[in-house]
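Q: The structure under discussion is supplied below as structure tokens; questions concerning it will follow.
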Amino acid sequence: MALILAPAHPPNSPARLHALIPAAGIGSRAGTAGPKQYELLDGRLLVLHTLSAFTRVRRLASVLVVVAPGDQRLAAGEGYDVVPCGGATRAASVAAGLDELARRGASGHDWVLVHDAARCLVQPEWIEALIAACEHDTVGGLLAQPLTDTLKAEEGGRVQATLPRGGKWLAQTPQMFRLDTLRQALAQAGDAVTDEASAIEAMGLRPMLVAASGQNIKVTWPEDFALAQAVLRSRQP
Ligand code: CTP
Ligand code: MG
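Residues in the sequence shown are numbered from 35 upward in steps of one, following this note's numbering.
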């Protein structure tokens, strides 16, 4: 008798949502001994704070963390899996993670929410707000914040010009796009892009800007750890 294997996700079924968390960087600006995603905040690995927000979002069908090849500091846990397919740049890590999602049966029509492991203050409600804003859109979008400071262009350490800040936004993550579109966009854009939206824009598409909280910082510099710690403490009941 012939054995017929059912496809992991039958065609024409509703799109699912997956989270992809790149965590394969070295954190060169953070001033820590090891990669910043493994620093302790409130006694817990920084990346586990990020994951705790995503695993509380019930709409997500899967959560996949991309770490560097050979990195064994993060094991799979409740509601998330870990894959050691990180690359030399963030874009390469994301592209490899998208390939892995497809390999695991995600459909090209499924949504992927890409989120920096280093944005450890993200809250489930913010992720849900992005999903609500984008899931019926044709392109997708990203959390972002309108600029509040005055914007200067620099030349030789001095102000060359003051740029109009109206209509300018700071891009955050998560950024939510269809799996196939994002794979194609990243393949065309190459390794230099620092977010998914810019790869999508390069295809002539216009991602939706979804207003976000200024607390959704990317821990980048040494002083950011104390700030993140203070915000986490302020949330404790
Ligand atoms: N990242 C990744 N693979 C890389 C580079 C970055 O998965 N080759 C991840 C980081 O782990 C981080 C996110 O992408 O969660 C955002 O990148 P960034 O804040 O720039 O982290 P790092 O590249 O690690 O830090 P730095 O640029 O200071 O070296
Ligand atoms: Mg980096």
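Glycine included, every Cβ here is placed at the ideal spot set by N, Cα and C.
Would you mind working out which of Gly68, Glu73 and Thr207 sits nearest Val148, comparing C-alpha positions?
A: As a working mapping, residue 148 is identified with position 114 in the sequence shown. Checking every option, the nearest Cα to that of Val148 belongs to Thr207.
Q: Taking the runs of the alpha helix (DSSP H) that are 4 residues or longer, which of them lie wholly in the region 163-195?
A: None, since the region 163-195 contains no complete alpha helix (DSSP H) of that length.
Q: In chain order, what residues of the same chain lie with their CB nearer than 7 Å to the CB of Leu135, ignoring the 5 residues before and after it?
A: Here residue 135 refers to the residue found at position 101 of the sequence shown. Around Leu135: His52, Leu54, Leu98, Val146 and Leu213.
Q: With respect to 7 Å, is the separation between the Cβ of Arg124 and the closest non-hydrogen atom of the ligand MG below this value?
A: Working through the sequence shown from its first residue, we reach residue 124 at position 90. Yes, the beta carbon of Arg124 sits closer than 7 Å to at least one heavy atom of the ligand MG.
Q: Considering only residues of the same chain and omitting the five flanking positions on each side of Met237, which have a CB-CB separation below 6 Å?
A: Counted from its first residue, the sequence shown places residue 237 at position 203. Closer than 6 Å at the Cβ level, and outside the excluded window around Met237, lie Ala219.
Q: Which residue wins for smallest C-alpha separation from Pro56, given the options Gly65, Leu82 and Gly77?
A: As a first step, residue 56 is located in the sequence shown; it is residue number 22 there, counting from the start. Comparing Cα-Cα distances from Pro56 to each of Gly65, Leu82 and Gly77, the minimum goes to Leu82.
Q: Give a single yes or no on whether Thr215 has its beta carbon closer than 7 Å to a heavy atom of the ligand CTP.
A: In the sequence shown, counting from the first residue as 1, residue 215 sits at position 181. No, the beta carbon of Thr215 sits no closer than 7 Å to any heavy atom of the ligand CTP.
Q: Quick one: complete beta strand (DSSP E) runs, 3+ long, within the region 74-158?
A: Here the runs fully enclosed are 94-100, 115-117 and 145-148.
Q: Gln218: beta carbon under 7 Å from a heavy atom of the ligand CTP?
A: Here residue 218 refers to the residue found at position 184 of the sequence shown. No, since every heavy atom of the ligand CTP falls outside the 7 Å radius drawn around the Cβ of Gln218.
Q: With a cut-off of 8 Å, does the C-beta of Gln71 fall near any C-beta of chain D?
A: Considering every chain present, this structure includes no chain D. It has just one protein chain.
Q: I need the straight-line Cα distance from Thr228 to Arg124, nearest angstrom please.
A: The residue given as residue 228 occupies position 194 in the sequence shown. The residue given as residue 124 occupies position 90 in the sequence shown. So the two alpha carbons sit approximately 7 Å from each other.
Q: Inspect the beta-carbon positions of Ala246 and Ala178 and report whether they are closer than 8 Å.
A: Stepping through the sequence shown from its first residue, residue 246 is reached at position 212. Stepping through the sequence shown from its first residue, residue 178 is reached at position 144. Yes. Within cutoff.
Q: Any heavy atom of the ligand MG closer than 7 Å to the CB of Gly59?
A: The count along the sequence shown starts at 1 and reaches residue 59 at position 25. At least one heavy atom of the ligand MG is nearer than 7 Å to the Cβ of Gly59, so yes.
Q: Can you tell me which residues form a DSSP beta bridge with Leu197?
A: The residue given as residue 197 occupies position 163 in the sequence shown. Answer is Leu185.
Q: Counting pairs of beta carbons, one from the region 85-98 and one from the region 154-173, are three or more of them closer than 8 Å?
A: The region 85-98 is in contact with the region 154-173.
Q: Take the Cβ of Leu37 as the centre, count every other Cβ of all protein chains shown within 10 Å, and call the residue buried at 16 or more, exposed below.
A: The residue labelled residue 37 in the question sits at position 3 within the sequence shown. With a pLDDT of 49 at Leu37, under the threshold of 50, the modelled position of this residue cannot be trusted; read the value that follows with caution. With fewer than 16 Cβ atoms within 10 Å of its Cβ, Leu37 is classed as exposed.
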